[in-house]
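J.: Quick note: the sequence shown uses numbering that gives the first Met the number 0, first residue 0, plus one each step.
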Amino acid sequence: MQILGRDTEAELALSELRKGKHILLHGNHGVGKSALLHHIHEVLSASRSRGVLIFLHDHQTKAQFVELSRHLLEAGILNPSSLDLPTKYHDLPPEKIEWNQIRRAVNRINIRDLAGSIIPALAECEDKIIVFVDDLSFLTPTQQAFGMQVMEHVQLAACVADKRKKKGIKKLLWKMKEIEVLPLQPSVSSKIVQEYITERGMMVEEPDQFISHIVKQSGGMPQAMFDMLYESSHERVITKQHIREMKHEAGVRYFDFTPIMLIVGALIVGARYVAIGTGNADLYVVAGMGAALFLTVRFFMFKGMG
Ligand SMILES: Nc1ncnc2c1ncn2[C@@H]1O[C@H](COP(=O)(O)OP(=O)(O)OP(=O)(O)O)[C@@H](O)[C@H]1O
Ligand SMILES: [Mg+2]
Numbered sequence: 000m001q002i003l004g005r006d007t008e009a010e011l012a013l014s015e016l017r018k019g020k021h022i023l024l025h026g027n028h029g030v031g032k033s034a035l036l037h038h039i040h041e042v043l044s045a046s047r048s049r050g051v052l053i054f055l056h057d058h059q060t061k062a063q064f065v066e067l068s069r070h071l072l073e074a075g076i077l078n079p080s081s082l083d084l085p086t087k088y089h090d091l092p093p094e095k096i097e098w099n100q101i102r103r104a105v106n107r108i109n110i111r112d113l114a115g116s117i118i119p120a121l122a123e124c125e126d127k128i129i130v131f132v133d134d135l136s137f138l139t140p141t142q143q144a145f146g147m148q149v150m151e152h153v154q155l156a157a158c159v160a161d162k163r164k165k166k167g168i169k170k171l172l173w174k175m176k177e178i179e180v181l182p183l184q185p186s187v188s189s190k191i192v193q194e195y196i197t198e199r200g201m202m203v204e205e206p207d208q209f210i211s212h213i214v215k216q217s218g219g220m221p222q223a224m225f226d227m228l229y230e231s232s233h234e235r236v237i238t239k240q241h242i243r244e245m246k247h248e249a250g251v252r253y254f255d256f257t258p259i260m261l262i263v264g265a266l267i268v269g270a271r272y273v274a275i276g277t278g279n280a281d282l283y284v285v286a287g288m289g290a291a292l293f294l295t296v297r298f299f300m301f302k303g304m305g
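Set out below in structure tokens:
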């Protein structure tokens, strides 16, 4: 995968992995963690002294264990007889195992039993194994123990979005070298946008203005850049008018309504008390209507934003 502007992070990650450490790439959604993890995997795949590399794409922990079982079966590291599978599969050599036939049976095994079969097999394996996990965001505190056991025998290279929210998997994270994936530098963002425009043959009236708008609005988040580029790519020609409209939309989208909502809420509550205190029935009714309206608007606003 072609990625730009991640030399420092990639080098750091590779050097930690070469030292035998576990690594964790963390950063906001869409900042480019998965892309970086794939890149690291590719670099290692091309090197000779790499050992066994396993990439797990699934997000759910159970599915990750199933995926891991598959790789280990196919690499001959896990013996089919140690999984709870029909006996006809027990003596098959790795190259004869057809995943499509056993997938359902493996899926039915619970995570505890899967871990129970996988972990001794990993312990026995003499090759160095690196397991790439994209990503760990759905790991629950109860599943943490299985992850820790796996980590005793393999090196883990994983990503997670917003690790601060993952208090339940703290112990696992303690063992990992954390590498923060930060938003891209404007010069790199600009290059990515430029390449996209050229590759798609997009026609832009004011390229500099268009590029700088996307670079600025995305805040260095590649996912945001691609979203904006994709939306614009439906236009036959990107006119100045289109860029102006994009700016307007972005302005509305990123406008923070919280302070206004707080003030409106306070006014309504205040009005209610004044109405009760002064015995003003009209004001009381108006405040009640205002409160109802306020709650409705708030409900739809948060729904829309979510
Ligand atoms: N350095 C980069 N250069 C070019 N493209 C990139 C770069 N980093 C990420 N991208 C692209 O940006 C998009 C988002 O990146 P990615 O999926 O890696 O983000 P993420 O941090 O894993 O997001 P999430 O938290 O949602 O999983 C992808 O299409 C990816 O190919
Ligand atoms: Mg990702």
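Quick reminder that beta carbons are idealized off the backbone N, C-alpha and C, glycines included.
For ligand 1, is there a heavy atom less than 8 Å away from the beta-carbon of Ile-210?
T.: As a first step, residue 210 must be located in the sequence shown, where it is residue number 211. No, the Cβ of Ile-210 stays beyond 8 Å of every heavy atom of ligand 1.
J.: DSSP puts Asp-155 in a beta bridge; with which residues?
T.: By 1-based counting over the sequence shown, the position of residue 155 is 156. Reading off the sequence shown, one finds Leu at residue 155, where the question assumed Asp. Answer by DSSP bridge pairing, in chain order: Val-130.
J.: Between the beta-carbon of Leu-23 and the beta-carbon of Met-175, is there less than 9 Å?
T.: Mapped onto the sequence shown, residue 23 falls at position 24. Mapped onto the sequence shown, residue 175 falls at position 176. Result yes, Cβ atoms of Leu-23 and Met-175 sit closer than 9 Å.
J.: Is the region 14-32 touching the region 65-74, taking contact as three or more C-beta pairs under 8 Å?
T.: no
J.: Quickly, what does DSSP pair Val-51 with across the bridge? List them, please.
T.: Position 52 of the sequence shown holds residue 51. The partner list for Val-51 (beta bridge, DSSP) reads Ile-128.
J.: Do the CB positions of Ile-117 and Leu-52 come within less than 9 Å of each other?
T.: Position 118 of the sequence shown, counting from 1, holds the residue named residue 117. Position 53 of the sequence shown, counting from 1, holds the residue named residue 52. Their beta carbons are not under 9 Å apart, which means Ile-117 does not touch Leu-52 by this criterion.
J.: The beta strand (DSSP E) with Lys-61 in it runs from where to where?
T.: Residue 61 sits at position 62 when you count from the first residue of the sequence shown. Here Lys-61 belongs to no beta strand (DSSP E); instead the alpha helix (DSSP H) covers 60-73.
J.: Could you check which residue in Val-153, Ser-80, Ala-104, Ala-114 has the C-alpha nearest to that of His-21?
T.: Within the sequence shown, the letter at position 22 stands for residue 21. Of Val-153, Ser-80, Ala-104, Ala-114, the residue nearest in Cα terms is Val-153.
J.: Pick from Val-203, Phe-145, Glu-123: whose alpha carbon is nearest that of Arg-235?
T.: As a first step, residue 235 must be located in the sequence shown, where it is residue number 236. Arg-235 has its Cα closest to that of Val-203, out of Val-203, Phe-145, Glu-123.
J.: Can you tell which of Val-263, Met-245, Glu-205 has its C-alpha closest to the C-alpha of Met-310?
T.: Residue 310 falls outside the range modelled here, since the chain spans only 0 to 305, and no answer is possible.
J.: Asp-133 and Leu-55 - do their beta-carbons sit closer together than 9 Å?
T.: Position 56 of the sequence shown, counting from 1, holds the residue named residue 55. Position 134 of the sequence shown, counting from 1, holds the residue named residue 133. Yes, the Cβ-Cβ distance between Leu-55 and Asp-133 is below 9 Å.
J.: So does Asp-133 have its beta carbon nearer than 8 Å to some heavy atom of ligand 2?
T.: As a working mapping, residue 133 is identified with position 134 in the sequence shown. Checking every heavy atom of ligand 2 against the Cβ of Asp-133, one is found closer than 8 Å.
J.: Using C-beta distances below 6 Å, list every residue in its chain close to Asn-99, excluding the 5 sequence neighbours before and after it, in chain order.
T.: Position 100 of the sequence shown, counted from the first residue, corresponds to residue 99. Excluding sequence neighbours, Asn-99 sits near nothing in its chain.
J.: Would you check if the distance between the CB atom of Pro-182 and the CB atom of Gly-219 is smaller than 9 Å?
T.: Translated into positions along the sequence shown, residue 182 becomes position 183. Translated into positions along the sequence shown, residue 219 becomes position 220. Cβ atoms of Pro-182 and Gly-219: closer than 9 Å.
J.: By the 10 Å Cβ neighbour count, where 16 or more other Cβ atoms means buried, how is Lys-169 classified, buried or exposed?
T.: Within the sequence shown, numbered from 1, the residue matching residue 169 stands at position 170. Result: exposed.
J.: Can the beta-carbon of Lys-215 be found less than 9 Å from the beta-carbon of Pro-185?
T.: Locating residue 215 in the sequence shown gives position 216, where the first residue counts as 1. Locating residue 185 in the sequence shown gives position 186, where the first residue counts as 1. Yes, Cβ-Cβ distance for Lys-215 and Pro-185 is below 9 Å.
J.: Go ahead and pull the three-state DSSP assignment for Met-175.
T.: In the sequence shown, residue 175 corresponds to position 176, counting from 1. Met-175 falls in the strand class under three-state DSSP.
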